[in-house]
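Notes for the one structure printed next.
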Amino acid sequence: MEYYSKQISNLIAELSSLPGIGAKSAQRLAFHILNMPEEEVGRLSSVMVEARHNVHYCKHCFSLTDDEVCPICANPARDHKTIMVVEDTRDLAAYEKTGKYTGVYHVLHGAISPMQGIGPADIKLKELIQRLQDEVDEVIIATNSSLEGETTAMYISKLIKPSGIKVSRIASGVPVGGDLEYIDEVTLLRALEGRTEL
Ligand code: ZN
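Using the numbering used here, the letters of the sequence shown correspond one by one to residues 68 to 265.
Shown next as structure tokens:
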């Protein structure tokens, strides 16, 4: 990229480090930004910096929020005795889009993966077990159907079962290795309705 001056090259390099942005898209975005009015660029960058600064984990479910408690946990109309366990906040968003799930969530921020050296202590598992001190009727495990997701589901069910709390797993039918966020709403609902007790 030696035909671009240093600051343009830097901008392209930063943009191309983002997921899903190849060299071509990074160039297109860079020139788009350079053609934007300066105050618009300022707004874009400050929205990013502020979101990064203020967004943290909900103290109950560990989804991302800029409040102390996320809107779902703060909603008294939700069924707080049913907890759906998901790998990340995007999976939560996928289920919320169906508009049919009325319980609350627990976001693990990952899955157990011995291959990648990710153990139970590296995800928000201890925090899930702590939540079970409150009155809970059912824990629905909705981790992905990848090897890591299945390993995590097995681990959680073994951990919770002795407590007598009902543990269920969403139905397969969700493609193997499929990230929940890419699965359509009908399939997600079917997987939820067809869940089986572990
Ligand atoms: Zn929450």
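Where is the CB? At the ideal position from N, CA and C, for every residue including glycine.
Predicted, not measured: the structure shown is a model, and the values here were computed from it.
Does any heavy atom of ligand 1 sit closer than 7 Å to the C-beta of residue i?
i, result
"serine 130", "yes"
"histidine 127", "yes"
"isoleucine 232", "no"
"valine 136", "yes"
"isoleucine 139", "yes"
Taking its Cβ as the centre, do 16 or more other Cβ atoms sit within 10 Å of residue i, making it buried, or is it exposed?
i, result
"valine 243", "Confidence at valine 243 is low in this model, with a pLDDT of 47, below 50, so its placement is unreliable and the value that follows should be read with caution. Valine 243 is exposed by the Cβ-count criterion."
"isoleucine 196", "exposed"
"histidine 123", "exposed"
"alanine 118", "exposed"
"glutamate 81", "exposed"
"lysine 73", "exposed"
"threonine 210", "buried"
"leucine 192", "buried"
"valine 114", "exposed"
"valine 116", "exposed"
"serine 274", "Residue 274 cannot be examined here, being either before or after the span of the chain that is shown, 68 to 265."
Taking Cβ to Cβ, would you say residue i is nearer than 8 Å to residue j?
i, j, result
"serine 230", "leucine 199", "yes"
"serine 235", "isoleucine 208", "yes"
"alanine 178", "glutamate 154", "yes"
"alanine 93", "isoleucine 75", "no"
"threonine 156", "serine 130", "yes"
"histidine 173", "isoleucine 190", "no"
"lysine 167", "leucine 256", "yes"
"alanine 238", "threonine 218", "no"
"serine 83", "alanine 90", "yes"
What residue range does the alpha helix (DSSP H) around residue i cover?
i, result
"valine 114", "105 to 121"
"glycine 216", "214 to 227"
"glutamate 252", "252 to 260"
"glutamate 163", "156 to 165"
"isoleucine 185", "Looking at the DSSP string, isoleucine 185 is not in any alpha helix (DSSP H), and its letter there is neither H nor E."
"serine 84", "Note, serine 84: premise wrong, no alpha helix (DSSP H); not H, not E."
"leucine 192", "192 to 198"
In the DSSP assignment, the beta strand (DSSP E) including residue i goes from what residue to what residue?
i, result
"serine 235", "233 to 236"
"histidine 99", "Note, histidine 99: premise wrong, no beta strand (DSSP E); alpha helix (DSSP H) at 90 to 102."
"valine 153", "146 to 153"
"tyrosine 172", "170 to 174"
"isoleucine 208", "205 to 208"
At a cut-off of 7 Å, would you count residue i as near ligand 2, judging by its Cβ distance to the nearest heavy atom?
i, result
"proline 86", "In the structure shown, ligand 2 is absent; the only ligands present are ligand 1."
Practice task
Would you be able to state if there are at least three C-beta pairs under 8 Å between the stretch 206 to 225 and the stretch 132 to 140?
Solution key: no
Exercise for the section: Report yes or no: do three or more beta-carbon pairs, one from the stretch 95 to 105 and one from the stretch 125 to 133, lie closer than 8 Å? Expected result: no
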